[in-house]
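These notes are about the structure you will find just below.
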Amino acid sequence: MSNKRKSATTPELLHTIGQAVQHEQEMETHVHRESAPKREKQRPPHSHLATILAGEKRIGELAKQPIIGVLPFIRQYEEPIFFSRSINLLQGQTGAHKSRVGELISAVVIAQDAPICDNLGFVRSRELPQEYTLVYVDTERNLASESPAAVQRIKEWAGYNRVDTVPHFRFISLQGIARAERFDALTEFLEYARGTIQTHIVVVIDVLSDCVNDFNDPKDSLLLSDLLNQAINTFDVTFIGIIHENPGTTKARGHLGTEISNKSSTVVQVGYIKQASGEATEVIELRYIKRRHGKRNLVTHARFDEATKQLVKATPQAVKEARSQRQRVATQDMIQPALLKALANGPLEQGKLVAQLCDELKASGRTMRERLKELDGSTLSNEGGQSIRLRSTKDGRSTRYQLTSAPNTTTPE
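Read in order, the letters of the sequence shown are residues 17 to 429 in the numbering used here.
What follows is the structure in structure tokens.
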């Protein structure tokens, strides 16, 4: 019988050989990775890194210079209103004369001196004595009479003759261009204007919502708001847009109105003071509901003059009468006897007086404080027909109201 050789390979030996082979393979893989050239991380095909870095550099350089406060180029009664390279909005219901306000501001921009109309306190700022070119963009007036009449008003209010050619006044109409194509048309003209006009450009768009296909479409709204925002950050241009309000509300129309309001530095609401019945009075209120560089809720008043077809300043008496017609509760006829009763035993601190009047007339504290402010210093008649005057006095931080004798202005017989 032949002798078979016993295998020298044991399970332990096989395990050791397997570990060695695996280690050698891992080493080869590691060496291959080390020797292979390193690949840079691929950037997206349309990288914005250069734009971001350029913006960082620009901000950094400007931040090293003395910071100069933002200066307005339009003021109203010395209040700063419109600033260069900004977006601004005039909003109001149909028939509120917001377009007239836009025309008046346009006349102020191009006037050589002061406008020859009632400017409602709008003036070009003395801090920025630079030249401006007005571009008036109309979207809704007809070309036969309405648009030419608007151009004529702006020229005449600015002190020019209607036959004068005013080089720094450009006016275009988007009538005749399909709504879906108006955004592209406006973009094309703005590119042309920036290449041909050397001065600061003030663009007034009347009305803004006609420049997009659908003012409720977020995509259309963002396209227009981004166009305006990119323009003011790249070029020497300012925008004043005019837009309708949603019916029955105080919000600018549609998604577009919301987007432009958010981007705007100044938002002015133009509207009639309403009577308690909802009917309009003759007084128009310009209320600044947003001011990035000033206190909000600044209010001025005007009225439409039928003879001159212009907006003129409303008198304080007209404003007072219009406001009294708006009151639904605690009218002056109702509050006077309640005041006489509350102050019959002497002066009262404002908080206590307001509380008594609120309980008597079922009105809010805010309403009563407004009524007291309106009546402060006015003359009332008591039950005996004598004239008395409502007076307020300050005692530290506290305000007290009292009734005093009114001077006798009756001429003796």
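Glycine residues also receive a C-beta, built at the ideal position from the N, C-alpha and C atoms.
What you are looking at is a predicted structure, and each value in this text was computed from that prediction instead of being measured.
Relative to Arg198, the option among Cys227, Glu207, Val218 and Val315 whose CA is nearest is Cys227. Burial is judged here by how many other beta carbons sit within 10 angstroms of a residue's own beta carbon; Lys267 has fewer than 16 and is exposed. Contact between Asp222 and Thr155 is confirmed by a C-beta separation of about 7 Å, below the 8 Å threshold. Pro88 carries a strand assignment under DSSP once its states are collapsed to helix, strand and coil.
With a beta-carbon spacing of about 7 Å, Val315 and Leu302 fall inside the 8 Å limit used to define contacts.
A residue is called buried when at least 16 other Cβ atoms come within 10 angstroms of its Cβ; Tyr208 does not meet this threshold and is exposed. Taking Val218 as the centre and dropping the five residues before and after it, the same chain places the C-beta of Val125, Tyr148, Leu150 and Thr254 closer than 6 Å to its C-beta, in chain order. Around the CB of Gly287, 16 or more other CB atoms lie within 10 Å, so the residue is classed as buried. In the DSSP assignment, Asn245 falls within the unbroken alpha helix (DSSP H) covering Pro234 to Thr250.
Segment contact: the segment 175 to 191 against the segment 243 to 262, fewer than three CB-CB distances shorter than 8 Å; contact not assigned. Within the same chain, and ignoring the five residues on either side of Ser280 in sequence, the residues whose Cβ sits closer than 6 Å to its Cβ are Ile103, Asn104 and Leu105. If only uninterrupted beta strand (DSSP E) runs of at least 3 residues are considered, those enclosed by the segment 277 to 346 are 282 to 290, 296 to 307, 314 to 321 and 326 to 329. Here the alpha carbon of Asp134 sits roughly 37 Å from the alpha carbon of Met350.
CA-CA distance, Phe251 to Ala318, rounds to 34 Å. Ranked by how close their Cα comes to the Cα of Thr409, the residues Gly400, Ala112, Gln285 and Lys389 have Lys389 in first place. For Glu143, the closest C-alpha among the options Ala127, Thr181, Arg116 and Pro88 is that of Pro88. In this structure, Gln291 sits near Arg342, with a CB-CB distance shorter than 8 Å. Assignment of Asp375 by DSSP, reduced to helix, strand and coil, places it in the helix class. The Cβ atoms of Glu94 and Gly310 do not sit closer than 8 Å to each other. For Lys389, the enclosing alpha helix (DSSP H) has its first and last residue at Gly381 to Leu391. Here DSSP, grouped into helix, strand and coil, assigns Glu172 to helix. Residue Pro353 holds the alpha-carbon nearest to the alpha-carbon of Glu399 among Phe138, Gly264 and Pro353. Scanning its chain for C-beta atoms nearer than 7 Å, with the 5 sequence neighbours on each side dropped, one finds around Ala127 the residues Ala174 and Gly175, in chain order. Taking 8 Å as the cut-off, the beta carbon of Tyr304 is found no closer than this to the beta carbon of Leu364.
In the DSSP annotation of this structure, the continuous segment of the beta strand (DSSP E) that includes Leu150 starts and ends at Tyr148 to Asp154.
In this structure, Leu224 lies near Ile276, with their beta-carbon atoms less than 8 Å apart.
Counted as a single uninterrupted DSSP element, the stretch harbouring Glu95 is not any alpha helix (DSSP H) but the beta strand (DSSP E) occupying residues Glu95 to Phe99.
Residue nearest to Gly294 within the set His216, Ile404, Arg382 and Gly264 is Gly264 (criterion: CA-CA distance). Taking 8 Å as the cut-off, the beta carbon of Thr383 is found closer than this to the beta carbon of Ala346.
Around the C-beta of Thr215, fewer than 16 other C-beta atoms lie within 10 Å, and the residue is accordingly described as exposed. Comparing alpha carbon positions, the residue from Asp411, Gln348 and Ser397 closest to Ala422 is Ser397. The C-alpha of Arg178 is placed about 13 Å away from the C-alpha of Ala123.
Nearest Cα to Ser414 within the set Gly367, Tyr152, Leu391 and Leu373: Gly367. Non-local beta-carbon contacts of Arg116 in its own chain, meaning distances under 6 Å to residues more than five positions away in sequence, involve Leu327 in chain order. DSSP places Lys267 in no beta strand (DSSP E); its state is neither H nor E.
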